[in-house]
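J.: In our numbering, the protein residues as written are 4 to 528. All C-beta atoms in this analysis are idealised placements derived from N, C-alpha and C, irrespective of residue type, glycine included. Computed from a predicted structure; not experimentally measured. So that we are looking at the same thing, I have put the structure below in structure tokens.
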Amino acid sequence: MSSEKYQAFVLLNSSNNGKQPQYLAPLTSIVNNNANIKEMISDAILPVANRPMIHYVLDWCEQALFNEINLVIYDENITKLRETIQPFIDLRWEMYKTTLKDQSIKVDDNITIKEPVAINIITTKYKNEGEILMKTLANKIGKKFVLLPSDFITDLPPQILTHQFFQFTKFNNPKKQLNKTNDDIIMMSCFYKSQQSQVEKKKSNKNDYVLYNQLDRSSPYANVFLDSYTTENIEKQKYLKIRESLLWKFSKVKGSNLLIDSGMYFCNQKVVEIIRQISKQKINFVHRPLKKIFRDLARRSWLHSQLKERIAMFIIPNVVNFSQMNTITSYLETNRFMLNLIQENNPKVLDLLDASANDSVNEQQPAGVSQQSQIGNKTVLMTHSNVKKSLIGDNCKIGKKSKIIGSILLDNVEIDDNCIIENCIIGYNARIKRKSKLVNCHVEGGFIVPENGMFKGDVLKRDDLDLVDEDDEKSEDGKKSLLYGDNDILEDDDSDDDDDEEETGSENDYYDEELEDAGDFQFGF
């Protein structure tokens, strides 16, 4: 099945959305000290190895040859997004024109050169992912579509996923209990095993417990997604509760809390039709994140007396590098991983960057920049400054005798003389005044650290300022060609008003159809 028949919808995080958890706060807020307000930016704009995060996602979509690429955003600050996307578009068109001029390629009539796929930005006024899907995107969706997050980097070829979704049609329901079609797999969710360091795992041991059934013994990656439960709910209930109706239909259920939902969903148009039917009887069904909606569709497949449409589950192989930057720690680790990758594959790139950095300082007393560091454009390093295993953005200034170790500095950061910055992330436009020492700190954009400041393990931000929160009424649904937008929201799995009963699979969640005996099989702790 060709990827060209898919529409891609990339759901961008928006810091202006009050219902969305601020995964990368305080980096997504910038203090305007003159106006005494905070301005918000999308997570997708933040850099990874001095390149915007969203560029990596667009690269992946380009490789997939999707028929359509759409960025879905709630954020009103469209100017910043446009500025971030435009260089990517310009580069693609420049490469396309260069390729056309290549005589050696033009001679071969069998080679066709396609224009770059247009990148659309779709605006929405809704704050829940389910509402965005059904009220903003549903009328734009064709036969097949892909929902993607904006915070992942992977070397997994997208063709593997599109092919795998196509291959799932081989595993049709052998009992043929579906009325209309045997092609009962309507979507595929992608899960990955955490590749975090041991330190990060200890900090965020809150993965959902996922239940699934293996479709083919020869392929551990092809499964059917059956159910999931949050860690908080299981701890509250003191056991993992599994419905007997599930066990009767799937006797070899597997469970794991090591698998993480990537937020990548390959769907048929029938998914929208089913959700629309459910919403007519259960009004609040779409007022939730996609993760919960698709979990309920998975429960729907086995909860009734007859099997219904199923959700496939593809487990990304361990040999694949997959990183999702939905925590500050994972954001830091991904930057370090990408820096090491650049060093391994093309160390000369960093050598050139180091040379350009040293050109801006006194030749007799140059700054020390390690080979495992990356320095942005127009960044100035003063004499005797030292940068080691760090990423420095554009237009930064590092003062005399200052040391930057294992840290990330975003654009326009100013570090005064005699400062020590170790294992920190410094947001846009921040300033660290002289003789300050920061260790393991996260600094909000625009924040000013006072002279002689000493901080360790702190989040430095201004809590006294109200966030700039655009009114929903100012945003309208719309689609603008090539570069315009308004954001999706990623609501935490337990942030809505669902009660405990829903988390354990209450039959009240599943419409007006007759239900089979729904006893529970319990695993105690």
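So for LYS482, helix, strand or coil by DSSP?
T.: A caution first: LYS482 carries a pLDDT of 38, below 50, which makes its placement in the model too unreliable to give a value.
J.: Closest to ALA121 by CA distance: which of PHE69, PRO161, THR157 and ILE81 is it?
T.: PHE69
J.: Let me check one thing: in DSSP terms, what residues is MET191 bridge-paired to?
T.: PHE269 and ALA315
J.: Output needed for TRP305: all residues of its chain with C-beta closer than 6 Å, excluding positions within five of it in sequence on either side, in chain order.
T.: LEU249 and LYS252
J.: Express the C-alpha separation of VAL256 and GLN217 in angstroms, rounding to a whole number.
T.: 8 Å
J.: Determine the extent of the alpha helix (DSSP H) in which GLN162 is found, giving its start and end residues.
T.: 161-170
J.: Return the Cβ separation of VAL372 and VAL383 in integer angstroms, given the expectation that the two are a contact with Cβ distance under 8 Å.
T.: In fact, because the Cβ distance is near 12 Å, the residues do not count as touching under 8 Å.
J.: Between the C-alpha atoms of VAL323 and ILE156, what's the straight-line distance to the nearest angstrom?
T.: 11 Å
J.: If we call anything under 7 Å between Cβ atoms a contact, is GLY258 one with TYR212?
T.: yes
J.: With H, G and I counted as helix, E and B as strand and the rest as coil, what does DSSP make of ASP397?
T.: coil
J.: In its own chain, which residues sit with a C-beta less than 6 Å from the C-beta of LEU325, not counting the 5 before and 5 after it?
T.: Just to set this straight, residue 325 is Phe in the shown sequence, not Leu. Correct list, in chain order: THR157, TYR195 and ILE319.
J.: Which residues in the same chain have their Cβ closer than 6 Å to the Cβ of GLN162, if we skip the five residues on either side of it in sequence?
T.: A distance below 6 Å between beta-carbons, with the five flanking residues on each side excluded, links GLN162 to no residue of its chain.
J.: Within 10 Å of its beta-carbon, does ALA38 have 16 or more other beta-carbons around it, so buried, or fewer, so exposed?
T.: Answer is exposed; the Cβ neighbour count stays below 16.
J.: Between which two residues does the alpha helix (DSSP H) harbouring PHE228 extend?
T.: Boundaries for PHE228: no alpha helix (DSSP H) harbours it, while the beta strand (DSSP E) harbouring it runs 222-232, taken from the DSSP string.
J.: Could you say which of SER405, LEU164, LYS100 and GLN374 lies nearest to TRP63 if we only look at CA atoms?
T.: Closest option to TRP63, Cα to Cα, is LEU164.
J.: Please determine whether the Cβ atom of ASN216 lies at a distance below 6 Å from any heavy atom of the ligand PLP.
T.: Among the ligands in the structure shown, none appear at all, so the ligand PLP cannot be discussed.
J.: Between ILE401 and ILE408, how many whole angstroms is the CB-CB distance? I'm expecting something under 8 Å.
T.: ILE401 to ILE408, Cβ: 12 Å. No contact.
J.: State the start and end residues of the unbroken alpha helix (DSSP H) segment that holds PHE297.
T.: 293-306
J.: Report yes if the CB atom of VAL289 is closer than 7 Å to the CB atom of SER153, and no otherwise.
T.: no
J.: Among the candidates ILE237, GLU235, ASN287 and LYS295, whose CA atom is the shortest distance from the CA of PHE228?
T.: LYS295
J.: Does TYR26 pass the burial test, meaning 16 or more other C-beta atoms within 10 Å, or should it be called exposed?
T.: buried
J.: If distances are taken between C-alpha atoms only, which option among ARG279, THR337 and GLN309 comes closest to TYR59?
T.: THR337
J.: Apart from the five residues just before and just after ILE418, which ones in its own chain have a Cβ nearer than 6 Å to its Cβ?
T.: ILE401, GLY402, SER405 and ILE435
J.: Do VAL416 and THR429 have their beta-carbon atoms positioned less than 7 Å apart in this structure?
T.: The sequence as given places Ile at residue 429; Thr does not occur at that position. A contact, by the Cβ cut-off of 7 Å.
J.: Below 8 Å on the Cβ atoms is my contact criterion, and I expect LEU150 with LEU293 to pass it. Report the Cβ-Cβ distance as a whole number of Å.
T.: 7 Å
J.: Can CYS422 and CYS444 be called in contact, C-beta distance under 7 Å?
T.: no
J.: Give the DSSP bridge partners of ILE377, in chain order.
T.: Before going further, note that residue 377 is Gln rather than Ile in the sequence given. The partner list for GLN377 (beta bridge, DSSP) reads LEU394.
J.: With burial defined as no fewer than 16 other Cβ atoms inside 10 Å of the residue's Cβ, what is the status of ALA358: buried or exposed?
T.: Confidence at ALA358 is low in this model, with a pLDDT of 40, below 50, so its placement is unreliable and no value can be given for it.
J.: Tell me where the alpha helix (DSSP H) around PHE91 begins and ends.
T.: 81-104
J.: Mind checking which residues open and close the beta strand (DSSP E) that includes THR126?
T.: 122-126
J.: Pairs of beta-carbons, one from the stretch 33-49 and one from the stretch 129-141, closer than 8 Å: are there three or more?
T.: no
J.: Just curious, the alpha helix (DSSP H) that VAL60 is in, first and last residue?
T.: Here the alpha helix (DSSP H) through VAL60 covers 56-67.
J.: Please classify ASN490 as buried or exposed, where buried requires at least 16 other C-beta atoms within 10 Å of its C-beta.
T.: With a pLDDT of 32 at ASN490, under the threshold of 50, the modelled position of this residue cannot be trusted; read the value that follows with caution. Classification for ASN490: buried.
J.: Would a C-beta distance cut-off of 7 Å place ASN53 and GLN374 closer than the cut-off?
T.: Contact flag unset, no.
J.: Against chain B, does ASP461 count as a neighbour if the rule is that its beta carbon must be under 7 Å from one of theirs?
T.: Of the protein chains in this structure there is only one, and it is not chain B.
J.: Could you have a look at VAL275 and say whether DSSP puts it in helix, strand or coil?
T.: helix
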